[in-house]
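A short write-up of the structure that comes next.
Residue numbers (our numbering): 1 to 373.
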């Protein structure tokens, strides 16, 4: 995949160009030309199976088995037709028995019978129509878009799995892993997966943009009916009326909207994954902040202890000067000075530590109250 290659679905008269990396296709009325990179033969195999299978292959992939709607529809049509014939015959017989001598009523009976014949003709027409017969160009577009969407789904699932594993390692939720602090390797992996998610989202967003550009233009969707351009050229003479545009664009619009919804679902999943990654990053940041705060607290306590020891050293340096202080000969002076200095240092350390703890707890309660408010 090339991030600089914008996905595109270009519709021109008698040709459609599809550019969805790594697959590029040219759709004509009776053929499909596909260009893939080296080593991508599996894409061609899947695409050929979808094109040759047509609607049946798509139904097999969705429902898991072949369906035979023609038999049920045929029986229903036959029953409806027989019931319509019985009703028509009853009405005709009743009108003929009651009013044989009335010419006006006989004319009305002829009109009713002719209407019934029209209804029967319509039923026969509906019965003979092959509703599963989709034009080749639309089958080709459907197969290409289905292949591209399947590739996007597989790539998005792989990205989701790898990112989930990385987040589990960061949170320590992986089985058999000890709950330890987040390492730099796992954080680096998470950053790489975040870039991968962004690239995947750009791919899907490009696909969505390509679908929306065609869906916003009824004329492009009308020109996607390449076969009808040859069989019914009078319907595509410029300027094409709005009614014909709406009629001819219905089937291509249904195909494009299906894959647009699938792409939007992938975008939503990637958005949720990005939210989980951001939440994990915030959680790791909070853990690192808590560790940093504990280290700062310990460093502050050591600084307070160093201050108290420095105060005791200051007292000792005062009494260590070679000056007469008139207590050199006192029997308990040394003990009193030593005990007083030690007790003063301990009291100073306790008072300063208490003041620091109260300030830290007050700051923490103010921060939590501001966050909850």
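Glycine included, every Cβ here is placed at the ideal spot set by N, Cα and C.
Buried or exposed (CB count within 10 angstroms, at least 16 for buried), residue i
| i | result |
| --- | --- |
| residue 211 | buried |
| residue 239 | exposed |
| residue 201 | buried |
| residue 142 | buried |
| residue 262 | buried |
| residue 306 | exposed |
| residue 358 | exposed |
| residue 39 | exposed |
| residue 203 | buried |
| residue 334 | exposed |
| residue 193 | buried |
| residue 361 | exposed |
| residue 277 | buried |
| residue 9 | buried |
Straight-line gap, residue i to residue j (C-alpha atoms, nearest Å)
| i | j | result |
| --- | --- | --- |
| residue 336 | residue 327 | 11 Å |
| residue 266 | residue 248 | 29 Å |
| residue 215 | residue 152 | 20 Å |
| residue 7 | residue 138 | 19 Å |
| residue 48 | residue 279 | 43 Å |
| residue 19 | residue 144 | 10 Å |
| residue 298 | residue 346 | 17 Å |
| residue 271 | residue 198 | 9 Å |
| residue 275 | residue 196 | 14 Å |
| residue 219 | residue 244 | 10 Å |
| residue 317 | residue 187 | 52 Å |
| residue 236 | residue 246 | 12 Å |
| residue 290 | residue 324 | 54 Å |
| residue 33 | residue 41 | 14 Å |
| residue 242 | residue 162 | 49 Å |
Span of the alpha helix (DSSP H) around residue i
| i | result |
| --- | --- |
| residue 266 | 250 to 319 |
| residue 159 | 136 to 171 |
| residue 221 | 218 to 223 |
Residues near residue i in its chain [Cβ-Cβ closer than 6 Å; skip 5 each side]
| i | result |
| --- | --- |
| residue 167 | 280 |
| residue 160 | 273 |
| residue 222 | 245, 248, 249 |
| residue 25 | 18, 34, 144 |
Other residues of its chain near residue i: CB distance less than 8 Å, five sequence neighbours each side excluded
| i | result |
| --- | --- |
| residue 147 | 23, 43, 46, 47, 50 |
First and last residue of the uninterrupted beta strand (DSSP E) at residue i
| i | result |
| --- | --- |
| residue 10 | 8 to 12 |
| residue 25 | 23 to 27 |
| residue 230 | Per DSSP, residue 230 belongs to no beta strand (DSSP E); it is in the alpha helix (DSSP H), 226 to 231. |
| residue 18 | 15 to 20 |
Are the region 218 to 230 and the region 9 to 23 touching by the rule of at least three beta carbon pairs closer than 8 Å? Remark: three or more beta-carbon pairs, one from each stretch, lie closer than 8 Å, so the region 218 to 230 and the region 9 to 23 are flagged as touching.
Hey, is the region 300 to 312 in contact with the region 340 to 356, meaning 3+ C-beta pairs nearer than 8 Å? yes
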